[in-house]
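Since the structure comes first, as structure tokens, the remarks are kept for the end.
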Ligand SMILES: [Zn+2]
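Numbering (this note's numbering), first residue to last: 8 to 486.
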């Protein structure tokens, strides 16, 4: 009699059946600080239940012995095609964003990926591509002509600002700036782009004007622009811009944050950078600015080191070059700072590129959490999920439901084996999937299952809300 009564009481609860349950995983959530064995119930692309008791689902993933983390959010991912999304997913990344260089035509960029993407995607409207369009630069991804080397007229600056504003009106997730690649852009021009960002409540994602010995000045430039305009600022790859000055840049950022400036930064976990050899980065004098020589450059397509003879040939040809230039102490200082996010700055082209493209996130978990103990697991996960989600949340409110494991949050999850997770890619072989990433979910759909990619396209746009039609036409009348 009593047993029957208990059974009746439990029936409505146990009748709940989820689309998918993840059983017995070590759930690590940087938002609440939870680090405990839990079961997750997922339905309709959302986390519906987090429970210490068993849950019932139409499908199940056994996560015994595995860590269940929010999917990683890569704020700095130049590779934005199916090839790159596969490497991202196998590295635990559920959202890849092109925030630094950005794009000129925001609508076309998002339309191109609609219902086609393995993982979530998004982009800023970029000063570099906009300046290239306004100044008719012949370059490809980065400028090589006027957009790099000529000061803009007042009319051209106004055109750039207008196009940045138009991209923001079309839902760009921020404003991208790569000042080192547009060194002829005046400080006033940069301020104008910050003003356009501030007007739309967007942050600026900036590759600083100059590295190494000049980077303190370069950081002051964007701090001043942020303070004047009110646009938040995010500094790309602090260690590869700061080089030996990185600890000073980190202390400047901490001081500015203490004075309520909204400034953040990121890093990738490698001591080499990568860029285009035809870009302004390699304008005469680069050895002094970067503190390196020809032999520190490695041609990405072949892995060979450069010489005074091969450098001019490759610069004329154009292509990706790896720069072995980041002091280990700079990397360690950024790694140890709990506010520095992890972002890859990666992009593979036909399997060639920098190993950061495919290995950044597993490298942090394997090498820096497990092997060297440079940071704890919760800190690492926070740097790779919650912090980047928070960076975007003001501009893209939907990001409040990413980067955390919370009832109602998007079911973007990375499930990995903490004992084996590791990067597998190298400078010679950048196109290798990370190991130990067992399952990855994007909006509740497994994109990696038992360590294998699935042929699905659950990725959705990360995009700022578009104004309503009535509001948009009113705006057009104003301008
Ligand atoms: Zn950069």
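Note that beta-carbon positions come from the ideal geometry of N, C-alpha and C, so glycine has one too. Only a predicted model underlies this, so the values are computations on that prediction, with no experimental measurement involved.
Task: Element boundaries [beta strand (DSSP E), containing residue 445] - done: 444-449
* To do: Kindly list the residues whose CB is nearer than 8 Å to the CB of residue 355, restricted to its own chain and excluding five residues on each side of it in sequence; keep chain order.
  => 86, 90, 91, 94, 364, 365, 437, 438
Item to complete: Give a single yes or no on whether residue 185 has its beta carbon closer than 7 Å to a heavy atom of ligand 1.
Response: Placement of the Cβ of residue 185 at a distance of less than 7 Å from at least one heavy atom of ligand 1 is found.
Determine the direct distance from the alpha carbon of residue 36 to that of residue 72, and round the result to whole angstroms. 16 Å
Contacting residues, own chain, Cβ-Cβ under 6 Å from residue 178 (five flanking each side not counted):
470, 471, 473
### Task
Compute the minimum distance between the beta carbon of residue 221 and the heavy atoms of ligand 1, and state whether it is under 7 Å.
Residue 221 has its CB no nearer than 7 Å to any heavy atom of ligand 1.
Just to check, is the beta-carbon of residue 228 closer than 7 Å to a non-hydrogen atom of ligand 1? no
Sorted by chain position, which residues of the same chain lie with C-beta nearer than 6 Å to residue 202's C-beta, five sequence neighbours on each side aside?
236
### Message
According to DSSP, residue 44 sits in a beta bridge with which residue or residues?
### Response
33
Ranges of the beta strand (DSSP E) found wholly within the region 66-121, counting only runs of at least 3: Listed in chain order, the complete beta strand (DSSP E) runs (minimum 3 residues) inside the region 66-121 are 74-77, 79-81, 100-110.
Taking the beta strand (DSSP E) that residue 376 falls in, what are its first and last residues?
Neither: residue 376 is in no beta strand (DSSP E) and is coded neither H nor E.
Could you give the distance in angstroms between the alpha-carbon of residue 217 and the alpha-carbon of residue 33?
Looking at the two C-alpha atoms, the distance is approximately 43 Å.
So, at 7 Å on beta carbons, what are the nonlocal neighbours of residue 467 in its own chain, with the 5 sequence-adjacent residues on each side left out? 127, 450
Discussion item. What would DSSP say about residue 467, mapped onto helix, strand or coil?
Written reply: coil
- [ ] With a threshold of 7 Å, establish whether the CB of residue 214 neighbours any heavy atom of ligand 1.
- [x] yes
Within its chain, find whatever has a CB closer than 7 Å to the CB of residue 158; leave out the 5 residues flanking it on each side and keep chain order. 191, 193
Subject >> Cβ distance (whole Å) where residue 186 is taken to contact residue 137 below 8 Å >> reply: Between residue 137 and residue 186 the Cβ distance is about 14 Å, and since that is not below 8 Å, they are no contact.
Quick one: give me the first and last residue of the beta strand (DSSP E) that residue 421 is part of.
-> Residues 420-423.
Compute every distance between the C-beta of residue 243 and the non-hydrogen atoms of ligand 1, then say whether any falls below 7 Å.
yes
Worksheet item: Using a threshold of 7 Å, is the CB atom of residue 352 nearer than that to any non-hydrogen atom of ligand 1?
Response: yes
Tell me which same chain residues have a C-beta within less than 7 Å of the C-beta of residue 368, skipping the five on either side of it?
-> Close CB contacts of residue 368 within its chain, under the 7 Å cut and outside five residues either way in sequence, are with 79, 98, 99, 100, 349, 391 (chain order).
Per-residue burial, residue 335 [other beta carbons within 10 Å of its own, 16 or more giving buried]:
exposed
Relative to the C-alpha of residue 140, which candidate in 339, 153, 377 has its C-alpha closest?
It is 153.
Q) Is any heavy atom in ligand 1 found nearer than 7 Å to the beta carbon of residue 107? A) Residue 107: yes, Cβ under 7 Å from ligand 1.
| Looking at residue 281 and residue 329, is the spacing between their C-beta atoms short of 8 Å? | Their beta carbons are under 8 Å apart, which means residue 329 touches residue 281 by this criterion.
**Study point:** Buried versus exposed, by CB contacts within 10 Å (16 or more), residue 297
**Key:** buried
Could you tell me which whole beta strand (DSSP E) segments of length 3 or greater appear in the region 127-215?
127-133, 182-185, 211-214
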